[in-house]
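S.K.:
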Amino acid sequence: MSLIKKTGIITLWALLVLVTAVVTAAVKQRGADGPNRVFSGGAFTTGDLQRGPEPDWSFVNDIDTLELQLLEPAQSRRIWTASVDGKVYVWSGYMNSLVGKLWKSWPAQAERDGRAVIRVEGKLYERQLRRIQQGAGLEKLITIINGKYPSSTTIAAIDDGDLWMFEAAARRPAGDQ
Amino acid sequence: MKHLFTRILWVTIATAASVWFIPGLDDAVEVVFQIVVLIASS
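Read top to bottom, the protein sequences are chains G and U. Just so we're aligned, residue 5 is where the first sequence starts under the numbering used here, counting upward by one. Just so we're aligned, residue 32 is where the second sequence starts under the numbering used here, counting upward by one.
As structure tokens, this is what we get:
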């Protein structure tokens, strides 16, 4: 057996192991209490629900990520965040790319049903995700994002639909709308 | 050929069971996946 054939066979076996391992880890995480690194997690089962006055969300500018769970479907993911003027924002980039269309399903889910829960440092906050489709007025937020992350996003990316920006606003109880 | 499919099946089952049951292995796999994605997207 030639060396090339041997190498090819070993590569295929390694690929089988790698793909199986990744799929298994991703499926396992779906049943877990929140996300881990890049794989989506299940619904939050731990954390202290915060009620009362709206916090000043500027503290999220000092943390790397937060955990975001939608109510429908009840899946969670780790996500970048930033705050400006006391409001908290989350977003999804590369939405016009093939990778974005294949990989990122939560933004469309959030647009359909924006009810969400944010978990930060063990505290749960009930939120309502509201998509912002026009970037005008978000210059300060974009500056914060580009300073905080290795990102070079623009207002135009929001306008073009390549970056889906959501404000995670306070969620009022049903009947209090 | 049948022998090959059996081997593939056993390797798949053994890998999945290892990732599922051995503590920390799923996290390690996720780290590897994260690195692969980072390299691929850079």
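Ideal Cβ placement from N, Cα and C applies to all residues, glycine included. Small disclaimer: the values here were computed from a predicted structure and weren't measured.
(1) Quick check: is any heavy atom of the ligand SAH less than 7 Å from the C-beta of Arg41 (chain G)?
(2) At the 8 Å Cβ level, is Phe64 (chain U) part of the contact set with chain G, yes or no?
(3) Which residues of the stretch 33-48 of chain U have a Cβ closer than 7 Å to any Cβ of chain G? Give them in chain order.
(4) Are the beta-carbon atoms belonging to Ser87 (chain G) and Trp61 (chain G) less than 8 Å from one another?
(5) In this structure, how does DSSP classify Asp58 (chain U) when only helix, strand and coil are distinguished?
(6) What residues match up with Gln132 (chain G) in a beta bridge as DSSP calls it?
(7) To the nearest angstrom, how far is the alpha carbon of Ala47 (chain U) from that of Asp58 (chain U)?
(8) Touch check for the stretch 45-56 of chain G and the stretch 119-127 of chain G: three-plus C-beta pairs under 8 Å?
(9) Compare the C-alpha of Glu76 (chain G) against each of G:Leu70, G:Val121, G:Asn65, G:Gln33 and name the closest.
(10) Rounded to whole angstroms, what is the Cα-Cα separation between Thr28 (chain G) and Ile70 (chain U)?
(11) When you compare only the Cα positions, how much space is there between Tyr153 (chain G) and Leu56 (chain U)?
(12) When the Cα atoms are used, what is the spatial distance from Val64 (chain G) to Trp84 (chain G)?
(13) Quick one: what's got a C-beta closer than 6 Å to Ser44 (chain G)'s C-beta in the same chain, skipping five residues either side?
(14) Using a Cβ-Cβ cut-off of less than 7 Å, give me the residues of the stretch 78-108 of chain G that come near chain U, in sequence order.
(15) For Arg82 (chain G), list the residues DSSP reports as bridge partners.
(16) Specify the secondary structure class of Leu53 (chain G) as computed by DSSP and reduced to three states.
(17) Measure the C-alpha to C-alpha separation of Thr158 (chain G) and Met32 (chain U) and round it to an integer number of angstroms.
(18) Using 10 angstroms around the beta-carbon of Gly90 (chain G), count the other beta-carbons present and answer buried if the total reaches 16, otherwise exposed.
(19) Check the Cβ-Cβ distances between Lys10 (chain G) and every residue of chain U, and say whether any is below 8 Å.
M.R.: Walking through what the data contain:
(1) Among the components of this structure there are no ligands whatsoever, and the ligand SAH is therefore not found.
(2) The sequence position of residue 64 (chain U) within the second sequence is 33, counting from 1. Yes, because at least one Cβ of chain G sits closer than 8 Å to the Cβ of Phe64 (chain U).
(3) Answer set for the stretch 33-48 of chain U: Ile39, Val42, Thr43, Thr46, Ala47.
(4) Here the question's residue 87 (chain G) lines up with position 83 in the first sequence. Here the question's residue 61 (chain G) lines up with position 57 in the first sequence. Yes, these two residues count as a Cβ contact at 8 Å.
(5) If you number the second sequence from 1, residue 58 (chain U) lands on position 27. Assigned with DSSP and collapsed to three states, Asp58 (chain U) falls in helix.
(6) Counting from one through the first sequence, the residue named residue 132 (chain G) turns up at place 128. DSSP, once it has assigned bridges, lists G:Arg119, G:Ala173 as partnering Gln132 (chain G).
(7) Mapped onto the second sequence, residue 47 (chain U) falls at position 16. Mapped onto the second sequence, residue 58 (chain U) falls at position 27. Between the alpha carbons of Ala47 (chain U) and Asp58 (chain U) lies a gap of roughly 13 Å.
(8) Contact check between the stretch 45-56 of chain G and the stretch 119-127 of chain G: three or more CB pairs, one atom from each, fall below 8 Å, which counts as touching.
(9) Locating residue 76 (chain G) in the first sequence gives position 72, counting from the first residue. Comparing Cα positions, the closest option is G:Val121.
(10) For the purposes of this step, residue 28 (chain G) is taken as residue 24 along the first sequence, with counting starting at 1. For the purposes of this step, residue 70 (chain U) is taken as residue 39 along the second sequence, with counting starting at 1. Using only the alpha carbons, I get a separation of about 22 Å.
(11) Against the first sequence, residue 153 (chain G) aligns to sequence position 149. Against the second sequence, residue 56 (chain U) aligns to sequence position 25. The straight-line gap from Cα to Cα measures roughly 29 Å.
(12) Along the first sequence, one-based indexing puts residue 64 (chain G) at 60. Along the first sequence, one-based indexing puts residue 84 (chain G) at 80. Rounded to whole angstroms, Val64 (chain G) to Trp84 (chain G) spans 9 Å at the Cα level.
(13) Translated into positions along the first sequence, residue 44 (chain G) becomes position 40. By the criterion of a C-beta distance shorter than 6 Å, Ser44 (chain G) is surrounded in its chain by Gln79, Arg81, once the five residues flanking it on both sides are discounted.
(14) Within the stretch 78-108 of chain G, no residue has a Cβ that lies closer than 7 Å to any Cβ of chain U.
(15) Residue numbering aside, residue 82 (chain G) sits at position 78 when the first sequence is read from its first letter. Its beta-bridge partners are G:Glu71.
(16) The sequence position of residue 53 (chain G) within the first sequence is 49, counting from 1. Residue state, collapsed to three classes: strand.
(17) By 1-based counting over the first sequence, the position of residue 158 (chain G) is 154. By 1-based counting over the second sequence, the position of residue 32 (chain U) is 1. Thr158 (chain G) and Met32 (chain U) have their C-alpha atoms some 55 Å from each other.
(18) Along the first sequence, read from residue 1 onward, the residue named residue 90 (chain G) stands at position 86. Counting Cβ neighbours within 10 Å, Gly90 (chain G) comes out exposed, since fewer than 16 surround it.
(19) To locate residue 10 (chain G), count along the first sequence from 1; it is residue 6. Lys10 (chain G) does not count as touching chain U.
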